[in-house]
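A short write-up of the structure that comes next.
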Amino acid sequence: MADRYLHFTGTAPGRFLTKRLRLPQPAELRRWSIEHPFLEGDLLHLTAADPLPGLADVLSRMGPGLRPTETVRESSRPAAVVVDATGVATAAALAEVHAALHPVVRSVADCGRVVVIGAPLAADDHH
-15 MADRYLHFTG
-5 TAPGRFLTKR
5 LRLPQPAELR
15 RWSIEHPFLE
25 GDLLHLTAAD
35 PLPGLADVLS
45 RMGPGLRPTE
55 TVRESSRPAA
65 VVVDATGVAT
75 AAALAEVHAA
85 LHPVVRSVAD
95 CGRVVVIGAP
105 LAADDHH
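This is how it looks when you write it as structure tokens:
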């Protein structure tokens, strides 16, 4: 389904009205395509609690355009952020996910991705 507002703001009358009414100007999201199957740029790998062994190796093989790193360079805008939250076992421990993401979330590149990987639910967890 096409995004009518995005299409409307791409027309001359739409740009005029949205500027006058101070409505947001949406950015067209970069989607997967055969021509561009991968994101280009840094892949920032963060951990909250105990990291999953071997996840860093898997991330290093994610695509030719991604460069896995565990720190943000000053001039870098990561194309993707992967947060390993598999060690988070309680709702209170979610503060560790926030602590990991908070300093870098504004630096994610336009059309960037943020993925949080968690552990499967325990059988006795019925919330």
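Under the numbering used here, think of the first position of the sequence shown as -15, with each following residue one higher. The beta-carbon is built from N, C-alpha and C at its ideal position, and this holds for glycine as well. Everything numeric in this text was worked out from a predicted model, so none of it was measured.
First through last residue of the beta strand (DSSP E) which encompasses residue i
i: Leu28; result: 25 to 31
Where the alpha helix (DSSP H) containing residue i begins and where it ends
i: Gly102; result: Gly102 -> not in any alpha helix (DSSP H); beta strand (DSSP E) instead, spanning 97 to 102.
i: Glu80; result: 78 to 85
i: Val42; result: 39 to 44
i: Phe(-8); result: -12 to -7
i: Leu1; result: -4 to 4
8 Å Cβ cutoff met for residue i and residue j
i: Ala64; j: Leu27; result: yes
i: Ile101; j: Ala79; result: no
i: Pro62; j: Gly38; result: no
i: Leu36; j: Ala84; result: no
i: Val89; j: Val66; result: no
i: Asp34; j: Gly71; result: yes
i: Thr(-7); j: Pro10; result: yes
i: Ala103; j: Gly25; result: no
i: Val56; j: Ser91; result: yes
Bridge partner(s) assigned by DSSP for residue i
i: Thr53; result: Leu28
i: Val65; result: Leu28, Val98
Nearest neighbour of residue i, chosen from the options [CA to CA]
i: Ala32; options: Thr(-5), Val81, His86, Arg(-1); result: Val81
i: Arg14; options: Leu23, Pro8, Leu7, Arg6; result: Leu23
i: Glu12; options: Thr2, His(-9), Thr(-5); result: His(-9)
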